[in-house]
Structures are given as structure tokens and as C-alpha cells.
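Take a look at the structure below.
Number of protein chains: 2
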Amino acid sequence: MSKQKNDILQGTLTLLVLRTLEAQGALHGYALTAHIQRVSAELLRVEEGSLYPALHRMEQEGLVEAQWGLTEKGRKARMYSLTAAGKKQLAEERQNWERLTKGVARVLRHA
Amino acid sequence: MSKQKNDILQGTLTLLVLRTLEAQGALHGYALTAHIQRVSAELLRVEEGSLYPALHRMEQEGLVEAQWGLTEKGRKARMYSLTAAGKKQLAEERQNWERLTKGVARVLRHA
DNA sequence: ATTCTGAGCTAGGCTAGCTAGGTATGAGCA
DNA sequence: TGCTCATACCTAGCTAGCCTAGCTCAGAAT
Numbered sequence: 001m002s003k004q005k006n007d008i009l010q011g012t013l014t015l016l017v018l019r020t021l022e023a024q025g026a027l028h029g030y031a032l033t034a035h036i037q038r039v040s041a042e043l044l045r046v047e048e049g050s051l052y053p054a055l056h057r058m059e060q061e062g063l064v065e066a067q068w069g070l071t072e073k074g075r076k077a078r079m080y081s082l083t084a085a086g087k088k089q090l091a092e093e094r095q096n097w098e099r100l101t102k103g104v105a106r107v108l109r110h111a
Numbered sequence: 001m002s003k004q005k006n007d008i009l010q011g012t013l014t015l016l017v018l019r020t021l022e023a024q025g026a027l028h029g030y031a032l033t034a035h036i037q038r039v040s041a042e043l044l045r046v047e048e049g050s051l052y053p054a055l056h057r058m059e060q061e062g063l064v065e066a067q068w069g070l071t072e073k074g075r076k077a078r079m080y081s082l083t084a085a086g087k088k089q090l091a092e093e094r095q096n097w098e099r100l101t102k103g104v105a106r107v108l109r110h111a
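Protein chains in written order, with this note's numbering: chain A, 1 to 111; chain B, 1 to 111.
Put into C-alpha cells, the structure is as follows:
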């Protein structure tokens with residue numbers, strides 16, 4: 001099956017995760033998906049099969065760091081938080097996002 | 001090398017091409033890249049190695065149709081134009097784009 | 001003669017998301 | 001006691017689609 005309605009754009013997931021961690025502090029994966037979905041007013045849905053690999057990727061790249069902790073509900077969970085490199089990356093990706101969306105918007109308006 | 005500054009977002013190329021053909025009528029590939037680059041105020045750069053495969057893909061999916069013709073400069077060129085299905089697809093992709101960018105914008109603002 | 005520009009093309013690689021499963025624990029309830 | 005549900009995490013394997021890095025050919029300019 002090709003692109004479905006709920007697919008996010010390739011490349012935006014990292015941006016979304018970094019930004020959410022920046023705004024919310026340490027979060028575990030499950031909460032991240034819920035949060036992104038809620039804040040985006042249900043416009044975005046992050047699949048767990050996308051999120052966890054992405055988190056591992058980002059951890060290896062040093063953008064986030066993780067440690068085991070407990071949720072409010074008393075379950076053990078892997079808490080992720082931004083590193084300095086993650087903050088830097090966020091700034092870059094944000095800028096890049098602005099550039100790309102501006103470019104596309106221009107084409108959509110007056111191509 | 002991972003993401004470079006000039007990479008476009010996966011999924012937007014089709015949208016850009018459909019929209020440009022809608023606005024400009026029949027165009028050949030070479031002109032498409034130039035046009036998108038110009039209209040986007042140099043924010044977007046479509047590589048030929050991305051464009052031609054994309055055009056062939058879209059032709060096979062019936063979104064565009066092609067025929068050999070001549071450019072203003074007297075060179076033979078493959079002219080692409082929108083089909084009815086392409087117009088429909090454009091409307092869909094446009095809507096999807098709006099949804100996604102709205103969602104991301106929300107997260108960037110108040111995650 | 002050679003280089004530049006316009007025009008088209010392809011093979012192969014790679015990123016990163018998706019599908020579709022799986023595990024484990026605790027809570028609620030029948 | 002057994003069941004289901006929600007929470008939380010994870011992986012293998014697939015695929016789309018863009019990119020790199022090349023290539024060809026014609027005509028014009030140097």
C-alpha cells in the first residue's frame with residue numbers, strides 16, 4: 001500500500017521528536033506519540049514502529065539520551081531527553097523546515 | 001552523506017511537479033527544474049536524477065502524459081502535461097500537504 | 001577542436017518510514 | 001481464578017522515493 005493519509009513526511013519525525021522533548025522535557029516513547037498527536041490536533045499520528053527505531057537512531061547519533069525510569073502510573077519506561085547536540089540539531093532542522101515549506105508554499109501560490 | 005541542505009522533502013516532488021504543470025501547461029523536464037527553482041526563490045532545487053524517474057513514475061500512474069515536441073530553442077524535448085487524474089491527485093496532495101504542515105506548525109509553536 | 005549549454009536518461013545505494021507482528025506488566029472485572 | 005484492556009517497549013522485513021554519479025547527444029560558441 002502506498003502513501004496513506006496518516007503518513008508523516010519523511011524527515012519530519014526527528015524534528016517533531018526533538019521539538020517535543022524541548023518543550024516537554026524528558027518523556028518516554030509512548031507519551032511522545034500521544035503528545036504529538038494531541039498537540040497537532042490529531043493531524044499527525046506517529047506510529048510506534050516508526051518512533052522507536054527513530055529514537056534509537058537519535059540516541060546513537062547523540063541527539064537524545066535515555067534512562068530507565070517510572071511513569072506517573074508506576075510502570076517502568078525509557079525516558080528520553082534532549083542533549084546539547086540535539087538542541088543544535090533542532091535549530092538546524094527547524095530552519096530547514098522553514099525554508100522547505102516556504103519554497104513549496106511559493107510554488108503552490110504562484111507557480 | 002545524509003540529508004543535505006538542498007534535499008527536498010520526500011513526497012513533495014510529485015506535488016511540485018503537478019502544481020507547476022497546472023500553472024504552466026505543458027513543460028519539458030529541464031524547464032520544470034528551472035521553473036521550480038525560480039518560483040521557489042531558489043529555496044528548492046530539483047535534481048534531474050530525481051525528476052526524470054519521478055516523471056516516468058507519474059506517467060505510468062497516469063498523472064501526466066508526454067509527447068515529443070520542440071522547445072523555443074529548437075531542440076527536441078519531451079513535453080509533459082497534466083491529465084484529469086493528475087488534477088485530481090494534485091487536489092489531494094495539496095490538501096494532504098496543508099494538513100501535514102499545519103500539524104507540524106502546531107507542534108513547532110506549542111508542543 | 002573543444003567546451004558549454006540544453007535536453008534526456010539510468011544503475012545503484014540509502015534513508016527512514018510503514019506493516020505487522022511480538023513481549024511484559026498491572027488494573028479491572030467477571 | 002481467568003480474561004481482557006491499556007500501557008510500554010521492541011524488531012524484522014519491506015518499500016518508496018530521493019540522491020549520487022555517472023552517461024549520451026546536438027547545436028552553438030570559443
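For glycine and all other residues, C-beta sits at the position ideal for the given N, C-alpha and C.
Residue i - DSSP class collapsed to helix/strand/coil
i	result
L51 (chain B)	helix
V46 (chain B)	coil
L9 (chain B)	coil
L113 (chain A)	Nothing can be reported for residue 113 (chain A), as the shown portion of chain A is limited to 1 through 111.
L90 (chain A)	helix
A41 (chain B)	coil
Nearest-angstrom Cα separation, counted from residue j out to residue i
i	j	result
A26 (chain A)	R45 (chain A)	20 Å
T71 (chain A)	A77 (chain A)	6 Å
M79 (chain B)	Y52 (chain B)	12 Å
E93 (chain A)	S50 (chain B)	22 Å
R57 (chain A)	A66 (chain A)	12 Å
L9 (chain A)	G11 (chain B)	7 Å
V104 (chain A)	Q24 (chain A)	30 Å
G62 (chain B)	L55 (chain B)	10 Å
A85 (chain A)	V17 (chain A)	14 Å
Identified DSSP bridge partners for residue i
i	result
G69 (chain B)	B:A77
L108 (chain B)	According to DSSP, L108 (chain B) bridges with nothing at all.
L133 (chain A)	Limits of chain A in this structure are 1 at one end and 111 at the other, which puts residue 133 (chain A) out of reach.
V64 (chain A)	A:L82
Among the options, nearest to residue i - alpha-carbon criterion
i	options	result
T83 (chain B)	B:I8, B:D7, B:E22 and B:A54	B:E22
K88 (chain B)	B:H56, B:T14 and B:A41	B:T14
H28 (chain A)	A:V107, A:L90, A:G74 and A:E61	A:G74
**Request:** Inspect the CB distances between the stretch 88-101 of chain A and the stretch 27-37 of chain B and report whether three or more fall short of 8 Å.
**Result:** Result no; under three Cβ-Cβ pairs closer than 8 Å.
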